[in-house]
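Residue numbers (my numbering), protein chains in the order written: chain Y, 3 to 379; chain U, 3 to 379; chain S, 94 to 528; chain V, 94 to 528.
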Amino acid sequence: MALALTEEQKILQSTAREFISANAPVAHLRGLRDSRDATGFSRDLWKEMAKLGWVGLTFDEASGGSDLGYAELAVLFEECGRTLAPTPFLSSAVLGAECVRRGAAEPLRAQILSGVAQGETLLALALDERAHFAPYVIETKAEKSGEGYVLTGEKGFVLDGHVADRLVVVARTSGAAGDRDGVGLFLVDRLAKGVTVSRTGMVDSRNAARVRLDRAPAEAVLGEVGGGADVLDAALDRGTAVLCAEILGLATEAFEQTVEYLKTREQFGVKIGTFQALKHRASVMFAELELARSIVRETMNAIDEDGPDVPALVSVAKARCSDVGSLVSREMLQMHGGIGMTDEADIGFYLKRARVAELTFGDASYHRDRFATLQGY
Amino acid sequence: MALALTEEQKILQSTAREFISANAPVAHLRGLRDSRDATGFSRDLWKEMAKLGWVGLTFDEASGGSDLGYAELAVLFEECGRTLAPTPFLSSAVLGAECVRRGAAEPLRAQILSGVAQGETLLALALDERAHFAPYVIETKAEKSGEGYVLTGEKGFVLDGHVADRLVVVARTSGAAGDRDGVGLFLVDRLAKGVTVSRTGMVDSRNAARVRLDRAPAEAVLGEVGGGADVLDAALDRGTAVLCAEILGLATEAFEQTVEYLKTREQFGVKIGTFQALKHRASVMFAELELARSIVRETMNAIDEDGPDVPALVSVAKARCSDVGSLVSREMLQMHGGIGMTDEADIGFYLKRARVAELTFGDASYHRDRFATLQGY
Amino acid sequence: MRSTDLDNRHYYCHYLQWPTAVGHFSKEVRSMESLESFRQEVRSWLEENCPASQRLPRDGETPLPWGSPQAVEDAKLWLERCANKGFTCPSWPAEYGGGGLSNEQEKVLRQEVAAVGTQLPGMSFGTHMLGPVLLELGNEEQKRRFIPDIIHNRLTWAQGYSEPGAGSDLAGLQTRAERVGDEYVINGSKIWTTGANNADWMFCLVRTDPDAPKHDGISFILFDLKSPGVTISPIELISGASEFCQVFFEDVRAKAENLIGEKNKGWAIAKRLLQYERTMISGMGGGGGPRGGAKRKRVAKRYRSMADMALPYVGEKDGKLADFALRDQLTQTEMDTICLTLTTKRVGEEVKAQKGPGHTASMFKWYATELNKRRQEILTTALGTQALGWEGEGFQAHELAHTRGWLRSKGNSIEGGTSEVQMNVIAKRVLGLPD
Amino acid sequence: MRSTDLDNRHYYCHYLQWPTAVGHFSKEVRSMESLESFRQEVRSWLEENCPASQRLPRDGETPLPWGSPQAVEDAKLWLERCANKGFTCPSWPAEYGGGGLSNEQEKVLRQEVAAVGTQLPGMSFGTHMLGPVLLELGNEEQKRRFIPDIIHNRLTWAQGYSEPGAGSDLAGLQTRAERVGDEYVINGSKIWTTGANNADWMFCLVRTDPDAPKHDGISFILFDLKSPGVTISPIELISGASEFCQVFFEDVRAKAENLIGEKNKGWAIAKRLLQYERTMISGMGGGGGPRGGAKRKRVAKRYRSMADMALPYVGEKDGKLADFALRDQLTQTEMDTICLTLTTKRVGEEVKAQKGPGHTASMFKWYATELNKRRQEILTTALGTQALGWEGEGFQAHELAHTRGWLRSKGNSIEGGTSEVQMNVIAKRVLGLPD
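(1) Is the beta carbon of glutamate 248 of chain Y closer than 8 Å to that of cysteine 101 of chain Y?
(2) Here's a check: name, in chain order, each residue in its chain whose Cβ is nearer than 7 Å to the Cβ of lysine 49 of chain U, leaving out the five neighbours to either side.
(3) How would you write the range of the beta strand (DSSP E) that isoleucine 279 of chain S sits in, first residue to last?
(4) I want to verify the contact list: residues of chain U whose CB lies under 8 Å from the CB of histidine 282 of chain Y, in sequence order.
(5) Can you name the residues of chain U whose CB is closer than 9 Å to the CB of tyrosine 277 of chain S?
(6) Identify every residue that forms a DSSP beta bridge with glutamine 339 of chain V.
(7) Cβ of lysine 358 of chain V less than 8 Å from any chain Y Cβ?
(8) Using a C-beta to C-beta distance shorter than 8 Å, which residues of chain V count as neighbours of phenylalanine 417 of chain S?
(9) Alpha helix (DSSP H) containing threonine 437 of chain V: first to last residue?
(10) Taking all protein chains shown into account, decide if aspartate 239 of chain Y is buried (16 or more other Cβ within 10 angstroms of its Cβ) or exposed.
(11) Extract the residue ranges of the beta strand (DSSP E) inside the stretch 187-273 of chain S, only unbroken runs of 3 or more that lie entirely within it.
(12) Select from U:Met287, U:Ser116, U:Leu115 and U:Val227 the residue whose C-alpha is nearest the C-alpha of glycine 327 of chain U.
(13) From serine 312 of chain V to tryptophan 171 of chain V, what distance separates their C-alpha atoms?
(14) On the three-pair Cβ rule with 8 Å, is the stretch 318-327 of chain Y touching the stretch 85-104 of chain Y?
(15) Enumerated in chain order, which unbroken segments of the beta strand (DSSP E) with a length of 3 residues or greater are wholly contained in the stretch 84-144 of chain Y?
(16) In whole angstroms, give me the CA-to-CA distance for tyrosine 396 of chain S and glutamate 427 of chain S.
(17) Measuring only between beta-carbons, confirm whether valine 318 of chain U sits less than 8 Å from chain S.
(18) Chain V partners of serine 16 of chain Y, CB-CB under 9 Å?
(19) Under three-state DSSP, which class holds asparagine 505 of chain S?
(20) What does a CB cutoff of less than 8 Å around aspartate 242 of chain S pick up in its chain, not counting 5 residues either side in sequence?
(21) Going by DSSP in three states, serine 37 of chain Y sits in which element: helix, strand or coil?
(22) Which complete beta strand (DSSP E) runs does the stretch 242-315 of chain U hold, if anything under 3 residues is left out?
(23) Mind checking arginine 38 of chain Y: buried by the 16 CB within 10 Å criterion, or exposed?
(24) Could you work out which residue in S:Ser146, S:Asn505 and S:Thr478 is closest to threonine 496 of chain S when comparing CA atoms only?
(25) For aspartate 401 of chain S, name the three-state secondary structure that DSSP assigns.
(26) Strictly under 8 Å for the Cβ-Cβ distance: is serine 200 of chain U near chain V by that measure?
(27) Only counting the same chain, and skipping five residues up and downstream in sequence, which positions put a Cβ closer than 6 Å to that of alanine 270 of chain S?
(28) Quick one: using the 10 Å Cβ neighbour count with 16 as the cut-off for buried, is arginine 237 of chain S buried or exposed?
(29) Over what stretch of residues does the alpha helix (DSSP H) that includes leucine 59 of chain U continue unbroken?
(30) Please list the partners that leucine 264 of chain Y has in chain S, where partner means a Cβ-to-Cβ separation under 7 Å.
(31) Which partner residues does aspartate 191 of chain U have in the DSSP bridge list?
(32) Count Cβ pairs between the stretch 137-153 of chain Y and the stretch 256-265 of chain Y that sit closer than 8 Å; are there 3 or more?
(33) Hey, does threonine 254 of chain Y have any beta-carbon neighbour from chain V nearer than 8 Å?
(34) With burial defined as no fewer than 16 other Cβ atoms inside 10 Å of the residue's Cβ, what is the status of glycine 412 of chain S: buried or exposed?
(35) Identify each residue in the stretch 302-336 of chain Y for which the Cβ-Cβ distance to at least one residue of chain S is less than 7 Å, and report them in chain order.
(36) Pairing CB atoms from the stretch 516-525 of chain V with CB atoms from the stretch 270-283 of chain Y, are three or more of them under 8 Å?
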């Protein structure tokens, strides 16, 4: 598959850019933050995006989707990244939906996915129990109770957990924290008894929550009981991949704004873009971004071909995008000087989102370690 | 103790600079290399240095020394570093002599040390058995034989081993490779039977050898049998410290020559030192060197006070000097452009020596690991 | 951002030991005996005058809570007592109320102050930036008018330097001051003015000749911020509320007698003050050390403050911090901190003979701020998602403080002259590279 | 160093896949049917004409030793056969002896060539630098005189660009050429001339108007290196002997008809050729891939060539390379290599429509050479003291080769335009930053 965008993808890109810059510029996120909006994103906007067919872009037609690929989905995430648009895309339409798609039986599967595709149903993945990404370090317990399971434990950094209708909870039926075996995925109604959700105020003004489970009943098991790691890993790889696309968009926008500033800001009677030290740093950013763009595209192609390289490529992509997002957002701030430090400017929003995305699903050194392990050294 | 040089140290510095730049400029090393000199350094020069009292600078008076400190010795090593002067200073007067000073009984101790101080006796430490510094990874065996010990094994990267009169061989009486216990230091006559020494041609045109021991008899044990690691560690810390001083001198000289080149070389009708990107890189080098200078001085003070921080400070110094030597020598080459790539210029000599010194006694990451371990984390 | 946010200073300064007493106004060397008697004098004065609440508690003592009414009262008293002796500015001439001490005496004073577990009070923009400049370049009348107030910290000063269009290029400033009678009438705006909303007076750069080349039309003037026509609005930062303000001037009237140096020659004064500022920023935290003095102890020092912060989040493996890449980076930062601290000490020793700060201040300012940014980034990585909170539940107070501190640290390499400007200064002034 | 050391190219090129056939002289698109018949044609031609010794051995075959008399003979034969078909320069016009193929045909040719496990022969300064420039900017007579020779590799060309005082600032060159009758008389010196001691002719930049602004007095001329007055001395590098030479000219006579383009307008030609050079440096290694074609395989690819080199020296712990800091760096380098390779592919796709190389060639040249330097440094660290040998016993041949290669790699970011120059080009041409 090609790494350059196809004509169709270019059209999707320009449609998305137009729609998102009109409906969800950075001011949109700022407004939600300043008004301390209880949802943290616009449900109306989300439904608009569903109507455009974006939410179910990769779902099959039976689930109300458009049967397109991650290559197309990445185009949307890149555009959302440019304006830092807050939506439940990652939590519902990728993480949650991939778990359901791969793990749920019909008719539950189609029922939930079409709800998601229509922008009605929101999902969230309740995974993290530590401050660092470690998907098998699970102590939340799933215990047999009658026909089903009840779950007990505590989860943090649950993206969009505060508004999700259903939670996909990662819990353990056997083994010890750190074991890949014994991990299962359980679908839980957020309003079920024993479920307590509290929103946590994040630095990037996006949405996350803590979830406490106290013998909360599961409505269904996704995948094999105790063998959920296969589904989980596939969902996480895809979630990580689209997060990379988001970072790529964010960093591209940050870079372009910075280059523009270098061309217009004057100090010492000249444009600051004439300073060679800044030029060289801009050239470095340009190259690093070009490399990021290529690996993101390749990763999406591999996902769409369901190739055996997906995990390795996802790690290359996340390591690189974490580093690039960090580099570009820091340089953006430094090169803008004092104005970048003010809340009034949007620069801080880019810096904050880049840092959160950097740590989400493992940072660069996590993914270098994972890649090396996958390569067997 | 002060970190700035004292008046006495400044006098020593200028004496040393005058002597070494007159007698051992880089051309001296080049000449030895080009003539494939069998010794690899000038014995006459070494005796001159002995006469000046430099070789035995830190030895006590009973051993023919001047009873001065490592703070003074470091001044000499810095100056030797500036011109890459090849001498058996490190091997004989620091590594070997420290082992003898700390481990040998009188009268052997004073006899050997005064031989060293006079520039007559040469010592070498036969330690490495791996391509990476790992002082307790010793498989060379010391076996009881009659009154004494015989040694069997193979050593590499033995500095000045090809001309040493006596070798201090690190060998094991018990335990397994990697254990600190069971390591002993044995004094061996290089001409004894069972000892085969072959010189290895190193990239920095300095002197190293492989030593094969086939039931070679030890003349004496230095320190406790099987408890030689205390002596060894102390000697290695001091050897590493003076090596840091050498790198500091080397890097300072490389930096000064580079700044001078930036001020004189013209391209595009201007001095290349006007280019801001190069200015900033020069400023970075300046700062990193200033920091290196301070830690080298502090380390010497700690050695002279025999303080408990010596191992930690040595690791800080070696990590920093390894990095600084590498940074400055690479920048020296890049900033000089094509001329730096020619053998005719001296720049390659600095690059090569910096790389060898970087890997000698552990590189930066080795010493960061050691420091963290010493700090208990 | 031109100015220094005092609140943030501890983020990048607390691990630096700048030799504060470089001795700008040293006198004749006293003999060892008289030094010893001076030491005794200081010691008993301290015993009598330094309130217990202003010292680190001795073994077994219960510390007074910070900010308790008693401690606040004591702090005022301690400042007043020190100011009366001139000890807030120990080396300044006694004729203006300074301590009048020699270098050696000041050193003794600081040693004894440290020995009782306290610090000399009153460090401020007045004592460390404006004061030294006034003593060097002000006229007699100006010194008599302002120096005693500075020593007693009677006025809080704001620094009117940066403007919206003139950040790194400070000399591009556009705030106008026109002479009208014995006053100047000021119009324009300043930004990044630390603590302007709590300050009494401002030392301010103004353009008094708009037609001259940009460096030649600037003057350095002092005026009361309570004057009519001054409007002050605080600035919100990416890290939240800040001490920074934007200050607007509309026909503000300043007395002409408070113009320092010559009219249109203010640039040299401005630069001199910047050198003092850089020294202060890069070097703060000197003064009171731990009880027990500076003698090298026979126990190894511990350098693991970052590791201790990281451990609860990262965990251990075989007795080592479990994330090896993080451990390596963290250790390098600890090491660089040690080296930087030693360098401030060494350079301090080397420039002892010199008067005033040298250009290496640029190196310290630049390196210390970049190092702090690095430190904050590494700790953010170490704390993981616990470092990503903004407010509310789910985060401990120190975690939220870390997040704000991390964000705030991004300004360190901009305020007080950007890192880029500092590197230019090093290249030009220290290395002598051509323009 | 201006020129490219062919011998060293594999150090930084072998892991790059530059789309070699960007199609500078593309023709009309052929229909799929005729393409398929072309493929059959090529396939049978290859089966008949490509000697077995010039292919990778098939399973079970014994490879012929490289450099054996048979292989050398076969290599000549293979070159001659390809040249006769114009396949050394597949897309060049048939009228000058080129292949005259369309983009699509060239692609098919390369696929089939790869499928039999070989490469198209004859890559040289002639085919990849001088040839394209002559076709674009030479006159008819010059094309007829030189292009066929280039296609057949009958002449080895040297590139007379850099001078001792003109490295990065190529246009500062001082070698003079004065018109005397129908000749130019050349005096001066060139440096970093790759393979001049084995070359037949030189394409050379000379100053034909010393009074004009520096870019306006340069001409581009070809002449025979066997001419009287040419002296060639090889240069020894820090890594040992090299293909580089310094070349001195004393009243060397070149025919005026061999001046390419207009007199004093040679700078534009020089720059154009440099773009082709950068493309070649950053992109070499295209062409023959492994047998089996480019279809994504259903087994995961292996990216561990550096780890495999490091393992025997560093050892394993829990199945991981035992030095964790090294493992992290090494992995980053492997990852960056993957990303760079993909980027050459992506940009290749994106510029397919464009004619000739674009300015991103600067990015590839810069990034690939810096990446190779990084790779060499990491491997040096991995090999430890075994990477520090120069010659003689105690080191394996591949270890000594590594040492030389590490040293040689330092020149990569200087020759062919320094990294600094490439970054300037990116900033100006790609990002549009002001001068």
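Beta carbons are placed, not taken as given, at the ideal position from N, Cα and C, and that holds for glycine. All of these numbers come straight from a predicted model, not from anything done at the bench.
So, from the data block:
(1) no
(2) Gly121, listed in sequence order.
(3) Element bounds for isoleucine 279 of chain S: 276-287.
(4) Here the neighbours are Ala279.
(5) Those within 9 Å of tyrosine 277 of chain S in chain U number zero; the least Cβ separation is about 37 Å.
(6) V:Ser326
(7) With 8 Å as the cut-off, lysine 358 of chain V does not count as an interface residue toward chain Y.
(8) Phe417, Ala418 and Asp421
(9) Unbroken alpha helix (DSSP H) run through threonine 437 of chain V: 417-443.
(10) buried
(11) 250-253 and 269-273
(12) U:Met287
(13) 36 Å
(14) no
(15) 125-128
(16) 7 Å
(17) yes
(18) Ordered by position in chain V, no residue passes the 9 Å Cβ test against serine 16 of chain Y, which lies about 16 Å from the chain.
(19) coil
(20) Gly219 and Leu248
(21) coil
(22) Secondary structure in the stretch 242-315 of chain U: no beta strand (DSSP E) run of 3 residues or longer lies completely within the stretch.
(23) Looking at its Cβ environment, which holds fewer than 16 other Cβ atoms inside 10 Å, arginine 38 of chain Y is exposed.
(24) S:Thr478
(25) Note: aspartate 401 of chain S maps to helix in three-state DSSP.
(26) Closer than 8 Å to some Cβ of chain V, the Cβ of serine 200 of chain U qualifies, so yes.
(27) Tyr277, Ile279, Val299 and Thr301
(28) So arginine 237 of chain S ends up on the exposed side.
(29) No alpha helix (DSSP H) holds leucine 59 of chain U; DSSP gives it neither H nor E.
(30) Result: empty, since nearest Cβ-Cβ is about 12 Å, beyond 7 Å.
(31) U:Arg168
(32) no
(33) no
(34) By the 16-neighbour rule on beta-carbons within 10 angstroms, glycine 412 of chain S is exposed.
(35) Leu335 and Gln336
(36) yes
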